[in-house]
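K.L.:
When the letters of the sequence shown are read in order and numbered with this note's numbering, they come out as residues 813 to 1049.
Note that the Cβ used here is the ideal one computed from N, Cα and C, for glycine as well.
Quick caveat, the model's predicted, so the values are computed rather than measured.
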Amino acid sequence: DGFKAISAPKMAVRINAIRGNQASIEFRGFPPKARDDMVNALGDQLTVQESDWNCVLMSTANINRPPFDDIRVRQALTLAVDRYAGSKYLSQIAIVKTVGGAVFPGHPLAASQEEMEQLIGYSRDIDASRAKARALLKEAGVPEGFQFVFNNRGVDQPYKVVGTWLVDQWRRIGLDPQQTVKPSPQFYDTLRKKGDFDVSIDFNCQSVINPIADVSKFLCSAGNNYSNCENQEIEDL
């Protein structure tokens, strides 16, 4: 017994594989439009199952690269992002869903909506958040139009879609991110081995829902934490 896998960064290739009966299942999933097109084409030959993913997409700043060693700059990056609008609109074109924190949404140990909205970057008042972001950048001495490189993975879903959206979010606070899209091997080499990035797309995905595993990435000592941070207080906790 066994199975064969088709690895293809382009969503169209994966769609055609299923529609042409070359593949029986999609590992990740499809955005709503692609899903609906396949349902219309295949009818009762296709079964669709959907839920939140135990997988969070995020950005990581390299604190070895000024000005990202300044917490005010890192806070500005997260304050710029309208997570709620992103969840609403990106979920129509990309495989992203619920706004979440460190723990799987809806889990008993996950932050409630009210608790999340108290966190930096999770307020529903995006205008106030972006005003605060601009003030923090000015306070940190970051000039208007500051340019940095954003490392992204050359896979359509969801990386390139979300990455392009993130670039737009950061431009709204006066930054000028330059997105560099790399094939997966080169992307991982930059993120995990070389660490020669300013800001990178990042992710935390687990095979089972386990809050202990979920939060481990956010320890500075974790092997899959690529920010180069040091925080003994969190380690002690």
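#1: Specify the secondary structure class of residue 1024 as computed by DSSP and reduced to three states.
#2: Give me the residue from 825, 827, 890 with the minimum Cα distance to residue 931.
#3: Can you check which of these residues, 857, 1014, 826, 836, is closest to residue 868 by C-alpha distance?
#4: Should residue 924 go down as buried or exposed, given a rule of 16 or more other Cβ atoms within 10 Å for buried?
#5: Determine the direct distance from the alpha carbon of residue 928 to that of residue 936, and round the result to whole angstroms.
#6: Does the Cβ of residue 1049 have 16 or more other Cβ atoms within 10 Å, making it buried, or fewer, making it exposed?
#7: Confirm, please, whether the CB-CB distance from residue 978 to residue 887 is below 8 angstroms.
#8: Taking Cβ to Cβ, would you say residue 907 is nearer than 8 angstroms to residue 839?
#9: Does DSSP classify residue 1012 as helix, strand or coil?
#10: Identify, in the order they occur along the chain, each residue of the same chain with its Cβ nearer than 6 angstroms to the Cβ of residue 1032, setting aside the five sequence neighbours on each side.
#11: Which partner residues does residue 1005 have in the DSSP bridge list?
#12: Hey, would you say residue 991 sits closer than 8 angstroms to residue 1002, going by beta carbons?
#13: So, helix, strand or coil for residue 899, using DSSP?
#14: Give me the Cβ distance between residue 939 and residue 909, rounded to the nearest whole Å; I'm assuming they're in contact under 8 angstroms.
#15: Which stretch, first to last residue, makes up the alpha helix (DSSP H) that contains residue 847?
#16: Pop quiz: residue 872 and residue 1012 are said to be a contact at Cβ under 8 angstroms. What is the actual Cβ separation, rounded to whole angstroms?
#17: For residue 1020, does the count of other Cβ atoms within 10 angstroms reach 16, so buried, or fall short, so exposed?
#18: Looking at C-alpha atoms only, which residue of 1009, 966, 921 is the closest neighbour of residue 1022?
#19: If we require 4 or more residues per run, which alpha helix (DSSP H) segments fall completely within the stretch 937-987?
#20: With 16 as the cutoff for other CB atoms within 10 Å, does residue 819 come out buried or exposed?
P.N.:
Checking against the coordinates, here is how it stands:
#1: Against the sequence shown, residue 1024 aligns to sequence position 212. In the three-state reduction of the DSSP assignment, residue 1024 falls in the helix class, which pools H, G and I.
#2: As a position in the sequence shown, residue 931 is number 119, starting the count at 1. The shortest Cα separation from residue 931 among 825, 827, 890 belongs to 890.
#3: Translated into positions along the sequence shown, residue 868 becomes position 56. Here the closest residue by C-alpha is 1014.
#4: As a position in the sequence shown, residue 924 is number 112, starting the count at 1. Classification of residue 924: exposed, given that the 10 Å Cβ count is below 16.
#5: Within the sequence shown, residue 936 is the residue found at index 124, counting from 1. Within the sequence shown, residue 928 is the residue found at index 116, counting from 1. Straight through space, the alpha carbons of residue 928 and residue 936 are spaced by roughly 10 angstroms.
#6: The residue you call residue 1049 lines up with position 237 of the sequence shown. Label assigned to residue 1049: exposed.
#7: Position 75 of the sequence shown holds residue 887. Position 166 of the sequence shown holds residue 978. It is not a contact, given that the beta carbons lie outside the stated cut-off.
#8: As a first step, residue 907 must be located in the sequence shown, where it is residue number 95. As a first step, residue 839 must be located in the sequence shown, where it is residue number 27. It is not a contact, given that the beta carbons lie outside the stated cut-off.
#9: On the sequence shown, position 200 is the one that residue 1012 refers to. Three-state result, residue 1012: strand.
#10: Position 220 of the sequence shown, counted from the start, is the residue given in the question as residue 1032. For residue 1032, where only same-chain residues beyond five positions count, the Cβ hits under 6 angstroms are 1041, 1042, 1043.
#11: As a first step, residue 1005 is located in the sequence shown; it is residue number 193 there, counting from the start. Answer is none; residue 1005 lacks a bridge partner.
#12: Numbered from 1 along the sequence shown, position 179 holds the residue referred to as residue 991. Numbered from 1 along the sequence shown, position 190 holds the residue referred to as residue 1002. Not a contact, by the Cβ cut-off of 8 angstroms.
#13: The residue given as residue 899 occupies position 87 in the sequence shown. Helix.
#14: Along the sequence shown, read from residue 1 onward, the residue named residue 939 stands at position 127. Along the sequence shown, read from residue 1 onward, the residue named residue 909 stands at position 97. The Cβ separation is near 25 angstroms, so there is no contact.
#15: Numbered from its first residue, the sequence shown carries residue 847 at position 35. Where residue 847 is concerned, the enclosing alpha helix (DSSP H) stretches over 844-854.
#16: Translated into the one-based positions of the sequence shown, residue 872 becomes position 60. Translated into the one-based positions of the sequence shown, residue 1012 becomes position 200. Right, their Cβ atoms sit about 5 angstroms apart.
#17: As a first step, residue 1020 must be located in the sequence shown, where it is residue number 208. Its Cβ having fewer than 16 others within 10 Å, residue 1020 is exposed.
#18: Along the sequence shown, read from residue 1 onward, the residue named residue 1022 stands at position 210. Of the listed residues, the one whose Cα sits closest to residue 1022 is 921.
#19: Complete alpha helix (DSSP H) runs here, min 4: 938-951, 973-983.
#20: For this step, residue 819 is matched to residue 7 along the sequence shown. With fewer than 16 Cβ atoms within 10 Å of its Cβ, residue 819 is classed as exposed.
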